[in-house]
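**Student:**
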Amino acid sequence: MTDLSYPEQGASATGALPDGYHHLRHRALIGHGRAALEVAGAALLGWRMHRLAGVLIEAEADKAAPGLAVHCAIGVGPLRAGAPNRVLATIDGPDRHGFTYGTRHGHLACGEETFLVGLEPDGKVWFTVTAFSRPVAWYARLAGPLLPLAQRAFARRCGRVLARIAADAV
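The sequence shown begins at 1 in this note's numbering and counts up one residue at a time.
1) Nearest to Val39 by alpha carbon, out of Arg86, Gly10 and Val125?
2) Quickly, what does DSSP pair Val129 with across the bridge? List them, please.
3) Quick check: the Cα distance between Ala131 and Pro145, rounded to an integer number of angstroms?
4) Would you list the one or two residues that DSSP bridges to Ile91?
5) Who are the near neighbours of Phe127 in its chain, counting only those whose CB is closer than 6 Å to its CB and skipping five residues on each side?
6) Between Val55 and Pro121, what straight-line distance do the alpha-carbon atoms span, to the nearest angstrom?
7) Is the beta carbon of Gly98 sitting closer than 8 Å to the one on Thr114?
8) Please report the distance separating the alpha-carbon of Lys63 from that of Val70.
9) Tell me which residues share the same chain as Pro135 and place their Cβ nearer than 8 Å to its Cβ, disregarding the 5 neighbours each side in the sequence.
10) For His71, name the three-state secondary structure that DSSP assigns.
11) According to the Cβ coordinates, are Ala36 and Ala166 closer than 8 Å?
12) Looking at the structure shown, is Thr14 part of a helix, part of a strand, or coil, going by DSSP?
13) Expressed to the nearest angstrom, what Euclidean distance is found between the alpha-carbon atoms of Ser133 and Arg152?
14) Quick one: using the 10 Å Cβ neighbour count with 16 as the cut-off for buried, is Ala8 buried or exposed?
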């Protein structure tokens, strides 16, 4: 996909994260059983997790799908930071749901993230985020270590959101 802003497309889905980027691997237990998996998976693929975590999402469709352009934004008013992305791949069942999206030109960073919920044989439902990124915009580079800290905080927030959603399924 020619509008992506980095060459290592798909690396976050494989787990072999490329050198030269900040790496993020986050895993959180969000529930138990198939019902928890299904509601968490629907929330993830349907952008609900992002929205409840405080991200403004503008997407070409109501559900993540390969090739879909997605514009994410955080903040308020003139302090809102926009982030154009494109969905590279989706996983939808039976025991895993999720997607990978990568940054497009105009994003404050370059890289990608894979968000996944999965049901283990013991019935536990786990949420994982695997990502690699580095700042591109001058103000993102100026933020230094704050950007990786913010990304890690966002991953934890997403896990808490999905745990609340999964708890409602019980």
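Ideal Cβ placement from N, Cα and C applies to all residues, glycine included.
Here the structure is a predicted model, which means the values were calculated and not measured.
**Tutor:** Per the coordinate set shown:
1) Relative to Val39, the option among Arg86, Gly10 and Val125 whose CA is nearest is Val125.
2) His26 and Phe115
3) 16 Å
4) Under DSSP, Ile91 shares a beta bridge with Gly98.
5) Ala28, Ile30, Val117, Gly159 and Leu162
6) 32 Å
7) yes
8) 10 Å
9) Leu108, Ala109, Arg141, Ala143 and Leu147
10) strand
11) yes
12) Three-state result, Thr14: helix.
13) 12 Å
14) Note that residue 8 is Glu in the sequence shown, not Ala. Buried, since its Cβ has 16 or more Cβ neighbours within 10 Å.
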